[in-house]
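Following full-length UniProt numbering, the numbering of the sequence shown begins with 1 at its first residue and continues without gaps.
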Amino acid sequence: METVISLAKVTAELGGRPVLRGVDLTVRTGEAVALLGANGSGKSTAVRAAVGQVPVTGGEAALFGSPVRRFRDWARVGYVPQRSTAAGGVPATIREVVTAGRLGRRRLRPLGRADRAAVDRAIGLVGLADRASDSVDALSGGQHQRVLIARALAGEPDVLIMDEPLAGVDLDSQQVLARTLRAQLERGVSVLLVLHELGPLQPLIDRAVVLADGRVQRTVEHPGRLPETQTACHPPTDPEPSARPTLQTGIL
């Protein structure tokens, strides 16, 4: 299987403070990998290093075999940041926000029939087809998260990277996310998730990587075969310093 995401001995700093201290991580085609750990363990910094939002100070981060610093094919990457609102206070409908996720494939060309079909498909996958024309301002927190996921899926990415997709999300939305991820894995999409606990996603995860103090503490293969109490981490309190993202309006 192709290596989709690779972190090899990656180190990174935020504000001059070491956050990652030699992290190794590999995600291959069609795999679902979860990053677990308490607040401040470096989970969000690791995924942001994987997409080039945090510069690495040592080691190598690569996407599809290319160093992240030289990677340009961002249409292959669907990224859902942590705790971001769907439209950032700008009046917009669900369809308009999700359509933004298709623009990475079109660049300056107008959207065509296939693009509109991909947008409709993505909205349907997250269970919001009947509300596509509604304003995102009218949505709950869990529904906002669904819109962000649909925006990433609209680009039909080869890898889906999600930072805390279950944080503050109701049970119905968690179940929708689990069904959506299962469908993506069945079509060979790779998935990397930052989680505090696996919850309803546990049966889908091929490998759980537990971080502590910026290092890989342990790796659990096929955690779906284990009791959830053996894979859960402390519940979230305040966000990690590395997990306060700037507003994301497109795929990246």
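From the three backbone atoms N, C-alpha and C, an ideal C-beta is built for every residue, glycine too.
Separation of residue j from residue i, as counted between CA atoms
i: residue 229; j: residue 115; result: Low confidence applies to residue 229: its pLDDT is 49, below 50, so where it sits in the model is not reliable enough to give any reading.
i: residue 125; j: residue 150; result: 7 Å
i: residue 1; j: residue 27; result: 10 Å
i: residue 50; j: residue 127; result: 29 Å
i: residue 117; j: residue 18; result: 45 Å
i: residue 121; j: residue 224; result: 28 Å
i: residue 9; j: residue 148; result: 31 Å
i: residue 132; j: residue 154; result: 13 Å
i: residue 52; j: residue 3; result: 17 Å
i: residue 253; j: residue 205; result: Residue 253 is absent from the structure shown; the chain starts at 1 and stops at 252.
i: residue 91; j: residue 134; result: 10 Å
i: residue 109; j: residue 130; result: 28 Å
CB of residue i within 8 Å of CB of residue j, strictly
i: residue 255; j: residue 11; result: A question about residue 255 goes unanswered here, because the residues of the chain that appear run from 1 up to 252.
i: residue 159; j: residue 43; result: no
i: residue 167; j: residue 80; result: no
i: residue 35; j: residue 47; result: yes
i: residue 75; j: residue 68; result: no
i: residue 218; j: residue 33; result: no
i: residue 175; j: residue 200; result: yes
i: residue 29; j: residue 173; result: no
Residue closest to residue i, alpha-carbon to alpha-carbon, out of the options
i: residue 31; options: 192, 216, 217 and 164; result: 192
i: residue 66; options: 220, 174, 200 and 7; result: 7
i: residue 179; options: 163, 168 and 202; result: 202
i: residue 145; options: 221, 17 and 82; result: 82
i: residue 163; options: 63, 196 and 133; result: 196
i: residue 14; options: 23, 29 and 45; result: 45
i: residue 78; options: 170, 222 and 181; result: 181
i: residue 136; options: 93, 221 and 16; result: 93
i: residue 23; options: 190, 177 and 5; result: 5
i: residue 119; options: 111, 109, 221 and 98; result: 98
i: residue 96; options: 209, 123 and 198; result: 123
Below-8 Å beta-carbon distance, residue i vs any chain B residue
i: residue 148; result: Among the protein chains of the structure shown there is no chain B, as only one such chain exists.
Legend entry - Every unbroken alpha helix (DSSP H) inside the stretch 37-78 [4 residues or more]: 43-50
Legend entry - Any 3 or more C-beta pairs closer than 8 Å across the stretch 43-59 and the stretch 135-148: Verdict: no, contact absent.
Inset, instruction - Pair every Cβ in the stretch 185-205 with every Cβ in the stretch 92-102, then say whether three or more of these pairs are closer than 8 Å. - result: The stretch 185-205 is not in contact with the stretch 92-102.
Legend entry - Inter-stretch contact (C-beta, 8 Å, three-pair minimum) for the stretch 209-217 and the stretch 35-42: yes
Inset, instruction - Would you list, in sequence order, the uninterrupted beta strand (DSSP E) runs of no fewer than 3 residues that lie entirely inside the stretch 159-200? - result: 159-163 and 190-194
Legend entry - Segments of 4+ residues assigned as alpha helix (DSSP H) that fall wholly inside the stretch 96-136: You should have 103-106 and 113-125.
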